[in-house]
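Have a look at the structure below, then the notes.
Protein chains: 2
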Amino acid sequence: MARQTSRLQTELKQTRPFQSIYQEATLSVMKTADLLRRQLTRQLEPHEITPQQYNVLRILRGAGKAGLPTLSIGERLIEETPGMTRLLDRLEFKGLVRRVRCEQDRRQVLCYITDGGESLLAAVDPILAADTKEMAGALTGAEAESLVVLLEKMREQGTL
Amino acid sequence: MARQTSRLQTELKQTRPFQSIYQEATLSVMKTADLLRRQLTRQLEPHEITPQQYNVLRILRGAGKAGLPTLSIGERLIEETPGMTRLLDRLEFKGLVRRVRCEQDRRQVLCYITDGGESLLAAVDPILAADTKEMAGALTGAEAESLVVLLEKMREQGTL
DNA sequence: ACTTTTTAATTGACGCGTCATCTATTGTCG
DNA sequence: CGACAATAGATGACGCGTCAATTAAAAAGT
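So the protein sequences, as listed, match chains A and B. Residue numbers for the first sequence follow my numbering, beginning at 132 and rising by one. Residue numbers for the second sequence follow my numbering, beginning at 132 and rising by one.
If you want it as structure tokens, here you go:
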């Protein structure tokens, strides 16, 4: 099953072919994600915000005035808590987020986006939307759809 | 092209699903990669090695007795150098890698995999290959192929 | 030949993910 | 009620990616 040299293989300057198309697929996914992350980082850089901070702000905007406890934010990012605490520290320091210990359950800390956070999102969102389009712009709508489907299938196996 | 997400739902929950299929595609890629990374980490954990360290070892094995200068390793991982130096520090400390300042060009540091590194790879590789297959196992070979093609297309745009 | 530029690598600093551990609160049950 | 488990977070430590700045050596320019 010697497969001809693929582009990814060339990019990685690998001397031997992939052992299987599955290995190539997983590497391909990771590599593409890496590229996307890098581009996203560069886009957000002028706004002094990282991709994860951006994600958290979006989640908090979605939560609205009700706010969201620390752990719940982490769940939506599939991130472990320890990271969330410190990420929120930085957002709070920048004045983009506000935290209040919950009176009903004093173990919880409710997090809210501030007006500053809202306006930062308002500034960044349109840029990012256009950008995303350009990133995936080499694909037709149908191709993007099928990409999504394939990736979903891959993730379903994820119970491993 | 507002996709069929009901406007009503969008208004109720400010958490709008996706503005476009392209945004969904990029998020999908990143999410899937995250899952893969997590699983890979777990598989390598018993061997006291991280995914990046594993990658570097594989690259050095590929380089063979000729070895490879630090920067060249970084290029193949698309990682900036600063990280490579320290990653190699850790690999060297564990005895999996050996570094020698190049005599022809004394700026360079040539890196080699050690016997210890080789045998670690020999132990890990088969496990990982089987694992990869399982990760992507929900896909048929043809689906995996088309996934690879779509992702390649996406990365080509990456000059952005 | 001597200065300037470029290249290879290192170091310091910071953000992030993750593990293990710790504290404070709440809940449960005898 | 009082001991004990469960839950929400926080903290310390480590690996990693990345930026900016630094050192050392080679290459280029004059």
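Think of the CB as a built atom: it goes at the ideal place given N, C-alpha and C, for glycine as much as any other residue. Note that the structure is a prediction, hence the values are computed from the model and not measured.
**Item:** Close Cβ partners of Q288 of chain B (< 8 angstroms) along its chain, the five nearest in sequence each way excluded
**Value:** none
**Request:** Taking only beta-carbon positions, decide if Y153 of chain B is within less than 8 angstroms of chain A.
**Result:** yes
**Message:** Excluding the 5 residues flanking V280 of chain B on each side, which residues of the same chain have their C-beta closer than 7 angstroms to its C-beta?
**Reply:** none
**Cutoff 8 angstroms; reference E223 of chain A; Cβ partners in own chain excluding five residues on either side** = Cβ neighbours of E223 of chain A beyond the five flanking positions: R229 and R230.
**Message:** Against chain B, with Cβ distances strictly below 8 angstroms, would E265 of chain A count as a contact?
**Reply:** yes
**Message:** Going by C-alpha to C-alpha distance, which of B:A275, B:L270 and B:V255 sits closest to L175 of chain B?
**Reply:** B:V255
**Request:** Might you give, ordered along the chain, the residues of its own chain that have their beta carbon closer than 7 angstroms to the beta carbon of P182 of chain A, omitting 5 neighbours on each side?
**Result:** R168, L171, T172 and L175
**Request:** Can you tell me the Cβ-Cβ gap for Q154 of chain B and T263 of chain A, rounded? I've got them flagged as a contact below 8 angstroms.
**Result:** 5 angstroms
**Asked** Name the DSSP bridge partner or partners of I190 of chain A?
**Response** For I190 of chain A, which the question treats as bridged, DSSP gives no partner whatsoever.
**Request:** May I ask you to list the residues that DSSP assigns as paired with P200 of chain B?
**Result:** B:L241
**Prompt:** So L191 of chain B packs on G248 of chain B, CB below 8 angstroms; how close in whole Å?
**Reply:** 7 angstroms
**Request:** Below 7 angstroms between beta carbons is the criterion; list the residues of the region 212-240 of chain A that meet it against any residue of chain B, in chain order.
**Result:** none
**For I152 of chain A and G272 of chain B, believed in contact at Cβ under 8 angstroms, the rounded distance** = 6 angstroms
**Prompt:** Between B:S159, B:E210 and B:E276, which lies nearest to Q184 of chain B when the distance is taken from Cα to Cα?
**Reply:** B:E210
**Message:** Need the endpoints of the alpha helix (DSSP H) that F224 of chain B sits in, please.
**Reply:** T212 to F224
**Nearest-angstrom Cα separation, counted from D220 of chain A out to R232 of chain A** = Between R232 of chain A and D220 of chain A, the C-alpha separation is close to 14 angstroms.
**Request:** Give the straight-line distance between the Cα atoms of H243 of chain A and H178 of chain A, rounded to the nearest whole angstrom.
**Result:** Sequence inspection shows Tyr at residue 243 of chain A; the His mentioned does not correspond to that position. If you take the alpha carbons of Y243 of chain A and H178 of chain A, they lie about 20 angstroms apart.
**Asked** Would a check of beta-carbon distances place L175 of chain A closer than 8 angstroms to chain B?
**Response** no
**Any chain B beta carbon closer than 8 angstroms to A269 of chain A** = yes
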